[in-house]
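Residue numbering for the sequence shown follows full-length UniProt numbering, starting at 1 and increasing by one per position. These notes concern the structure reproduced below.
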Amino acid sequence: MGSPHHPYHPPSANITNYQPNERPILINGAAFALLIAVFVGIGLFLAKRIVRSGASSSKRRQQQLGLGEQFGICWFLLCGFLHCFFESYYVLNYKTLAGQQTLFAQLWKEYSLSDSRYLSRDLFVLTIESLTVVTLGPLSLLTAYLLARGNDLACLSQAVVSAMHLFSVALYYGMCFVSESVNGHRYSRPEFLYFWVYFVGFNAPWVVFPLFLLNQSSREIKRAFTLASNAQSLVRNAGDKKTS
1 MGSPHHPYHP PSANITNYQP NERPILINGA AFALLIAVFV GIGLFLAKRI
51 VRSGASSSKR RQQQLGLGEQ FGICWFLLCG FLHCFFESYY VLNYKTLAGQ
101 QTLFAQLWKE YSLSDSRYLS RDLFVLTIES LTVVTLGPLS LLTAYLLARG
151 NDLACLSQAV VSAMHLFSVA LYYGMCFVSE SVNGHRYSRP EFLYFWVYFV
201 GFNAPWVVFP LFLLNQSSRE IKRAFTLASN AQSLVRNAGD KKTS
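In structure tokens:
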């Protein structure tokens with residue numbers, strides 16, 4: 001049954017079997033940050049030891065990852081962790097999340113103060129989170145791997161994942177505002193922490209960084225097409241000289 005006493009907005013939200021968090025947010029946040037740091041740290045450690053495809057041992061000194069590549073790998077490892085583990089936990093436990101006391105459940109209950117749809121079994125939220133788990137999670141980890149390998153497909157994969165992140169954030173915000181306009185109530189508590197820090201701030205990186213990475217990929221793809229076009233021109237000119 002829905003709990004009549006919960007801190008979420010709107011107060012009429014039907015949140016089943018809600019139980020307050022047993023641990024303070026600072027403890028949960030620190031534990032979550034540590035998990036992310038360990039996952040990303042191990043991933044970057046392994047990435048630095050991956051021998052790039054097609055390279056000989058004499059070129060290993062030239063294979064060291066630059067700061068830009070390390071940033072890209074860390075970013076996609078972070079995305080992979082959040083999508084494959086944190087968000088998949090929501091998808092698998094959305095029916096009983098409000099009453100759980102696991103680390104991930106308490107973090108979801110804390111974030112839901114900025115968007116109560118996560119605890120009220122909203123079908124749109126469940127759908128977009130499910131799609132994120134099965135598509136963006138694996139693709140993010142694949143992109144991190146391709147970047148570590150120096151694979152030619154890394155640029156394309158980075159562009160695709162970044163574009164998908166931008167689309168998912170736009171869809172998430174758009175549907176939230178449309179739903180609020182239609183229903184006439186807000187899903188976020190009005191406090192600065194919950195709306196501006198949680199709802200806006202926690203999602204903002206998936207706008208800023210994908211825009212940067214998409215621009216970077218676009219330039220690389222354009223440069224590749226330019227080089228290919230120049231090469232074709234050289235071959236064509238060489239053929240014309242032989243026939244003349």
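Built from N, CA and C at the ideal position, the CB exists for glycine as well. Predicted model only: the values in this text are computed from it and were never measured.
Between the options, which lies nearest to residue i when the distance is taken from Cα to Cα?
i	options	result
R186	S116, A33, F85	S116
P10	E180, L82, N215, R219	E180
S12	V207, F202, N183	N183
residue 246	T102, L92, L166, C84	The chain is shown only over 1 to 244; residue 246 falls outside these bounds and no answer can be derived.
L46	I221, I128, L147	L147
V91	I128, E191, G68	I128
L166	N203, P24, E220, R49	N203
residue 309	G150, R121, S112	No information on residue 309 is available, as it lies outside the stretch 1 to 244 that the chain covers here.
N151	I25, E69, Y8, S112	E69
For residue i versus residue j, is the C-beta distance shorter than 8 Å?
i	j	result
S140	S217	no
Y198	G99	no
L123	K109	no
E87	V160	no
M15	L44	It should be pointed out that residue 15 corresponds to Ile in this sequence rather than to Met. Not a contact, by the Cβ cut-off of 8 Å.
A31	F76	no
V169	W196	no
Q158	L211	no
C155	I221	yes
Which partner residues of residue i appear in the DSSP bridge assignment?
i	result
T135	T135 is not bridged to any residue.
Rounded to whole angstroms, how far is the Cβ of residue i from the Cβ of residue j, which I believe are closer than 8 Å?
i	j	result
V40	L78	6 Å
L142	M164	Contact flag wrong, Cβ pair sits at about 13 Å.
S114	Y172	About 12 Å; that fails the 8 Å criterion.
F104	Y94	Going by Cβ atoms, the distance from F104 to Y94 rounds to 12 Å, so no, they are not a contact pair.
Q101	N28	Actually they do not touch by this definition, with Cβ atoms about 10 Å apart.
I36	F81	6 Å
DSSP state of residue i, grouped into three classes?
i	result
S58	Note that S58 scores a pLDDT of 44, beneath 50, so its modelled location is shaky; the value from the coordinates is reported in the next line. In the structure shown, S58 sits in a helix (DSSP, three-state: H, G or I).
P7	coil
F225	helix
T143	helix
S53	Because S53 carries a pLDDT of 48, less than 50, the predicted location of this residue cannot be relied on, and the following value inherits that uncertainty. Looking at S53 - three-state DSSP - the assignment turns out to be coil, as it is neither helix nor strand.
Could one say the Cβ of residue i lies closer than 8 Å to chain D's Cβ atoms, at least one of them?
i	result
G43	Note that chain D does not occur in the displayed structure, where there is just one protein chain.
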